[in-house]
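Shown next, in structure tokens, is the structure this report addresses.
Protein chains: 2
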Amino acid sequence: MDFEFLKKLIAPAKTKIVMLIMDGLGGLPLEPGGKTELETAHTPNLDKLAALSALGLSQPAGPGITVGSGPGHLAIFGYDPIEYEIGRGALEVLGVDFDLHPDDIAARGNFCTVDENGLLTDRRAGRLPTAESTKLVELMSAIQVKGAEFFLRPIKEHRFAFIVRAPGLRTALSDTDPLKIGVADLPVRALSREAERAAEYVNQFIDQARQVLKDRSPANMILLRGFAKLPELPKYKDLFGLNAAAIAANGMYRGVSRLAGMTVLDVYGDNPADEFAMLEEHWNEFDFFYIHIKKTDTYGEKGDFAGKVCAIEEVDALMPRLLALSPDVVIVSGDHSSPAVMKSHSWHPVPTLLYSKHVRPDGIAEFGERTCARGSLGVIPAKHIMPIALANAGRIAKYGA
Amino acid sequence: MDFEFLKKLIAPAKTKIVMLIMDGLGGLPLEPGGKTELETAHTPNLDKLAALSALGLSQPAGPGITVGSGPGHLAIFGYDPIEYEIGRGALEVLGVDFDLHPDDIAARGNFCTVDENGLLTDRRAGRLPTAESTKLVELMSAIQVKGAEFFLRPIKEHRFAFIVRAPGLRTALSDTDPLKIGVADLPVRALSREAERAAEYVNQFIDQARQVLKDRSPANMILLRGFAKLPELPKYKDLFGLNAAAIAANGMYRGVSRLAGMTVLDVYGDNPADEFAMLEEHWNEFDFFYIHIKKTDTYGEKGDFAGKVCAIEEVDALMPRLLALSPDVVIVSGDHSSPAVMKSHSWHPVPTLLYSKHVRPDGIAEFGERTCARGSLGVIPAKHIMPIALANAGRIAKYGA
Numbered sequence: 000m001d002f003e004f005l006k007k008l009i010a011p012a013k014t015k016i017v018m019l020i021m022d023g024l025g026g027l028p029l030e031p032g033g034k035t036e037l038e039t040a041h042t043p044n045l046d047k048l049a050a051l052s053a054l055g056l057s058q059p060a061g062p063g064i065t066v067g068s069g070p071g072h073l074a075i076f077g078y079d080p081i082e083y084e085i086g087r088g089a090l091e092v093l094g095v096d097f098d099l100h101p102d103d104i105a106a107r108g109n110f111c112t113v114d115e116n117g118l119l120t121d122r123r124a125g126r127l128p129t130a131e132s133t134k135l136v137e138l139m140s141a142i143q144v145k146g147a148e149f150f151l152r153p154i155k156e157h158r159f160a161f162i163v164r165a166p167g168l169r170t171a172l173s174d175t176d177p178l179k180i181g182v183a184d185l186p187v188r189a190l191s192r193e194a195e196r197a198a199e200y201v202n203q204f205i206d207q208a209r210q211v212l213k214d215r216s217p218a219n220m221i222l223l224r225g226f227a228k229l230p231e232l233p234k235y236k237d238l239f240g241l242n243a244a245a246i247a248a249n250g251m252y253r254g255v256s257r258l259a260g261m262t263v264l265d266v267y268g269d270n271p272a273d274e275f276a277m278l279e280e281h282w283n284e285f286d287f288f289y290i291h292i293k294k295t296d297t298y299g300e301k302g303d304f305a306g307k308v309c310a311i312e313e314v315d316a317l318m319p320r321l322l323a324l325s326p327d328v329v330i331v332s333g334d335h336s337s338p339a340v341m342k343s344h345s346w347h348p349v350p351t352l353l354y355s356k357h358v359r360p361d362g363i364a365e366f367g368e369r370t371c372a373r374g375s376l377g378v379i380p381a382k383h384i385m386p387i388a389l390a391n392a393g394r395i396a397k398y399g400a
Numbered sequence: 000m001d002f003e004f005l006k007k008l009i010a011p012a013k014t015k016i017v018m019l020i021m022d023g024l025g026g027l028p029l030e031p032g033g034k035t036e037l038e039t040a041h042t043p044n045l046d047k048l049a050a051l052s053a054l055g056l057s058q059p060a061g062p063g064i065t066v067g068s069g070p071g072h073l074a075i076f077g078y079d080p081i082e083y084e085i086g087r088g089a090l091e092v093l094g095v096d097f098d099l100h101p102d103d104i105a106a107r108g109n110f111c112t113v114d115e116n117g118l119l120t121d122r123r124a125g126r127l128p129t130a131e132s133t134k135l136v137e138l139m140s141a142i143q144v145k146g147a148e149f150f151l152r153p154i155k156e157h158r159f160a161f162i163v164r165a166p167g168l169r170t171a172l173s174d175t176d177p178l179k180i181g182v183a184d185l186p187v188r189a190l191s192r193e194a195e196r197a198a199e200y201v202n203q204f205i206d207q208a209r210q211v212l213k214d215r216s217p218a219n220m221i222l223l224r225g226f227a228k229l230p231e232l233p234k235y236k237d238l239f240g241l242n243a244a245a246i247a248a249n250g251m252y253r254g255v256s257r258l259a260g261m262t263v264l265d266v267y268g269d270n271p272a273d274e275f276a277m278l279e280e281h282w283n284e285f286d287f288f289y290i291h292i293k294k295t296d297t298y299g300e301k302g303d304f305a306g307k308v309c310a311i312e313e314v315d316a317l318m319p320r321l322l323a324l325s326p327d328v329v330i331v332s333g334d335h336s337s338p339a340v341m342k343s344h345s346w347h348p349v350p351t352l353l354y355s356k357h358v359r360p361d362g363i364a365e366f367g368e369r370t371c372a373r374g375s376l377g378v379i380p381a382k383h384i385m386p387i388a389l390a391n392a393g394r395i396a397k398y399g400a
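Protein chains in written order, with numbering that gives the first Met the number 0: chain D, 0 to 400; chain B, 0 to 400.
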């Protein structure tokens with residue numbers, strides 16, 4: 000749906016929406032004829048809610064498309080994940096919870112090893128320990144280039160996030176990583192005229208980094224790739240009229256929420272019970288809450304079927320606390336599927352539950368992949384869920400007379 | 000989904016996909032409360048496969064739209080049949096299995112009868128016998144026009160296919176058939192400047208045809224209409240990374256497969272058992288197989304309910320031979336519906352089964368219109384089936400991180 004069309008119909012309302020996202024929620028049976036993780040889990044509270052809800056299956060980015068958590072979240076937040084693409088560098092920076100500005104250009108950084116002639120011998124500097132790379136990142140923070148600011152953040156092992164900031168900077172820039180050893184790193188090239196200034200700043204930074212690191216071992220040089228700016232997302236306040244809060248522990252989910260204009264709350268930890276406590280604590284301050292549960296996906300990607308089942312049951316046990324707040328609309332879904340049997344994200348549509356007192360309930364007292372397949376929401380693009388939730392929250396006015 | 004988006008994600012894989020198309024598969028009950036042809040048919044093998052598959056209903060060109068076999072096949076092959084329209088002339092030529100080149104312009108030809116003043120007295124020359132029109136087509140093959148080549152192929156009775164070939168030819172051209180008698184045939188007019196050269200070649204051909212045929216009776220003239228070039232379809236290899244083979248007896252299906260870049264195998268006949276034998280014979284040579292079963296549609300269009308039931312049962316009995324090859328993905332569907340009770344193609348969505356070991360099975364052990372309506376694929380555009388099949392075949396990489 001066209002955002003311009005939707006925005007004109009947005010109306011104020013004193014209602015509250017909760018979007019509970021269990022990361023990688025959708026699953027698969029371990030064997031033919033078996034049950035999925037969600038179907039296996041004992042979920043009396045979700046099942047009771049399902050009976051009063053409309054059920055369906057959501058597709059993050061179209062049929063057959065497996066998404067990463069970035070595009071998966073954009074979709075469930077109501078954005079078209081193909082139109083609003085988040086480049087690799089920007090995603091990396093969202094992951095370290097850095098407040099990226101609209102003009103900033105971000106990249107994925109690697110420490111690497113070069114020989115005395117500057118030829119690459121190890122693109123990952125022997126995957127040096129995070130403590131080591133954290134020190135090198137600090138060392139590089141002294142680098143100064145006139146006209147630009149630089150920010151570096153350690154990530155893990157040889158990886159770090161790289162940000163260059165200057166007013167009006169434009170991408171696109173080529174990678175410095177030649178993706179093979181035995182050759183020198185590449186200079187950054189501007190792939191458009193407007194990007195020339197950015198290329199110059201980054202190349203000056205790299206020249207200095209070469210000097211700063213030259214006597215270090217094994218990490219004596221850096222590689223940068225995936226230069227990207229953030230997509231300019233319309234914000235929740237402007238778009239949906241919502242004063243939204245995000246409750247998520249991991250940086251990337253916090254970053255995407257910030258990108259959507261949500262207030263990202265400081266969480267105590269990634270324990271679901273802590274997250275539900277945050278919801279209770281801030282209940283009066285916002286009218287939209289996104290809660291992110293990480294461990295469903297973690298177990299799915301590890302191939303731990305039973306672990307994922309337990310994680311779902313843990314969330315189910317917390318549902319009465321959420322419902323005790325009397326939210327007007329509750330969405331329970333995932334950003335994508337992560338079947339334990341595949342040990343990865345997958346393209347399978349995601350079970351989705353939408354509760355409100357105005358919903359047309361399917362009357363199916365079980366929240367699972369196959370009950371959702373029979374639900375009245377149908378198989379829908381994930382970006383359609385927010386408009387339906389807004390309608391149920393009384394926030395979309397009538398179109399035409 | 001945008002092809003450019005999809006192409007970027009296509010990944011190589013050592014998997015095989017079989018698309019089994021029963022032409023006009025979808026049906027209707029003979030009377031209220033009754034069963035459709037597919038529901039009536041005894042299909043133990045398809046039912047067993049259905050239990051392990053995702054089921055759904057596919058719409059070739061949108062709600063309420065009845066398609067011909069050309070657009071129906073484009074859709075199930077993954078193309079948007081409205082964007083990639085095949086003009087009537089081009090479709091006629093695909094039907095005679097002629098290898099139409101990108102610059103060729105094709106038209107539907109009719110033998111007709113004119114009086115001594117050149118006014119039409121019969122637009123179909125009394126539907127003269129095919130043997131007769133075949134001779135006249137041969138006679139006209141001697142016609143030469145400088146700068147262009149012409150190809151004619153008899154079809155049936157008064158109908159023939161007409162092709163003009165010259166480098167860089169452009170359409171659009173007006174018809175010569177005035178669609179009424181008592182008037183003269185019309186000269187071909189170029190409907191754009193670029194088409195002027197083509198119009199000139201065709202008019203020169205028509206002038207000579209008038210001379211060649213003038214003493215014949217009853218067919219002493221020709222009419223041409225539906226001038227069209229082939230749409231430029233992205234090929235299966237480029238688009239999906241697939242090395243695809245088509246097993247189809249009838250010319251039109253072979254033509255559309257060739258248009259999609261498939262290798263069209265020489266078939267012994269249109270007997271389903273022969274077609275399955277072809278599949279076995281060529282199993283190691285390709286990674287995608289399209290098999291076309293004609294007789295389901297033939298019986299549907301004849302209004303022969305029992306005949307269509309038998310045709311479906313014949314295919315069901317062959318399924319073990321297909322499954323013995325251990326394909327990674329199997330699609331069983333149709334290009335459109337042809338309910339016997341309607342004696343024609345219809346707009347009803349088409350029962351569709353998608354099997355793979357990665358599918359989320361609906362667990363419904365019956366392949367029929369109403370079980371498919373409850374399936375987890377939902378009611379989907381037919382062009383979405385290929386991306387889902389590709390995902391199940393491990394041929395689509397993750398989008399974003």
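Backbone N, C-alpha and C fix where the C-beta goes; we use that ideal spot for every residue, glycine too.
Source: prediction; values computed, not measured.
Asked, Found
"Just list the residues that DSSP pairs N109 of chain B with in beta bridges.", "B:R158 and B:L222"
"Leaving out the 5 sequence neighbours to the left and right, which residues in its chain are closer than 7 Å to A388 of chain D when beta-carbon positions are compared?", "I16, V328, I330 and L353"
"Note down the Cα distance separating A218 of chain D from D79 of chain D, rounded to an integer number of angstroms.", "40 Å"
"Reducing DSSP to helix, strand and coil, say where R369 of chain B ends up.", "helix"
"Can you check DSSP and say which residues form a bridge with P350 of chain D?", "D:L56"
"Going by other Cβ atoms of all chains shown within 10 Å of its Cβ, with 16 needed for buried, is R192 of chain B buried or exposed?", "exposed"
"Give me the Cβ distance between V187 of chain D and I104 of chain D, rounded to the nearest whole Å; I'm assuming they're in contact under 8 Å.", "So it is not a contact: roughly 10 Å between Cβ atoms."
"Starting from M318 of chain B, follow the alpha helix (DSSP H) in both directions and report where the run begins and ends.", "F304 to L322"
"I'd like the list of long-range same chain contacts for A247 of chain B, defined as Cβ closer than 6 Å, with 5 residues on each side in sequence excluded.", "R253 and H291"
"Roughly how many angstroms separate the alpha carbons of S52 of chain D and F366 of chain D, rounded to a whole number?", "10 Å"
"Can you name the start and end residues of the alpha helix (DSSP H) that P43 of chain D belongs to?", "P43 to A50"
"State the DSSP-derived secondary structure class of S132 of chain D, mapped to helix, strand or coil.", "helix"
"What residues in its chain sit with their C-beta under 7 Å from that of L423 of chain B, if we drop five residues either side in the sequence?", "The shown model of chain B, from 0 to 400, leaves out residue 423 of chain B, and the question about it has no answer."
"For V95 of chain D, which residues from the same chain have a beta carbon less than 7 Å from its beta carbon, with the 5 sequence-adjacent residues on both sides left out?", "R152, I154, A160 and G250"
"Is there at least one Cβ from chain B nearer than 8 Å to L232 of chain D's Cβ?", "no"
"Can you tell me whether T262 of chain D sits near the ligand ATP, meaning its C-beta is under 7 Å from at least one heavy atom of the ligand?", "Here there are no bound small molecules, and the ligand ATP is not part of this structure."
"Taking Cβ-Cβ distances shorter than 9 Å, what residues in chain A pair up with A372 of chain D?", "Of the chains in the structure shown, none is chain A; the protein chains are D and B."
"Identify every residue that forms a DSSP beta bridge with D121 of chain D.", "D:T112"
"Report, in whole angstroms, the separation of the C-beta atoms of F150 of chain D and S132 of chain D, which I expect to be a contact under 8 Å.", "Wrong, their Cβ atoms sit about 15 Å apart, outside the cutoff."
"Going by the CB atoms, is the gap between A244 of chain D and F285 of chain D shorter than 8 Å?", "yes"
"I believe L317 of chain B touches F287 of chain B by the beta-carbon criterion, under 8 Å. Please report the beta-carbon distance rounded to the nearest angstrom.", "Not really, about 19 Å apart at Cβ, beyond 8 Å."
"Spell out whether any CB of chain D is found under 8 Å from the CB atom of K7 of chain B.", "no"
"For L168 of chain D, which residues from the same chain have a beta carbon less than 6 Å from its beta carbon, with the 5 sequence-adjacent residues on both sides left out?", "D102, I104 and A197"
"Whose C-beta lies closer than 6 Å to the C-beta of G393 of chain D among residues of the same chain, with five residues either side of it excluded?", "A12 and T14"
"Which partner residues does F287 of chain B have in the DSSP bridge list?", "B:I16 and B:A243"
"Identify the contact partners of E36 of chain D in chain B, using a Cβ-Cβ distance below 9 Å as the criterion.", "In chain order: nothing, as chain B lies at least about 12 Å away."
"Is R359 of chain D buried or exposed, if buried means 16 or more other CB atoms sit within 10 Å of its CB?", "exposed"
"Determine, using beta carbons only, whether K307 of chain B and E36 of chain B come nearer to each other than 8 Å.", "yes"
"Sort B:T175, B:L178 and B:P128 by Cα distance to R158 of chain B and report the nearest one.", "B:P128"
"Quick one: which chain B residues come within Cβ less than 9 Å of V66 of chain D?", "K397, Y398 and G399"
"Against H344 of chain D, what residues of chain B qualify as contacts under a CB-to-CB distance less than 8 Å, listed in chain order?", "K397"
"Hey, quick one: how far does the alpha helix (DSSP H) through G299 of chain D stretch, first residue to last?", "K294 to K301"
"Helix, strand or coil: how does DSSP classify M21 of chain B here?", "strand"
"Shortest alpha-carbon distance to S336 of chain D belongs to which of D:I64, D:D46, D:D206 and D:F2?", "D:I64"
"What would DSSP say about A189 of chain D, mapped onto helix, strand or coil?", "strand"
"Have a look at the DSSP bridge pairing and note the partners of V163 of chain B.", "B:I104 and B:F149"
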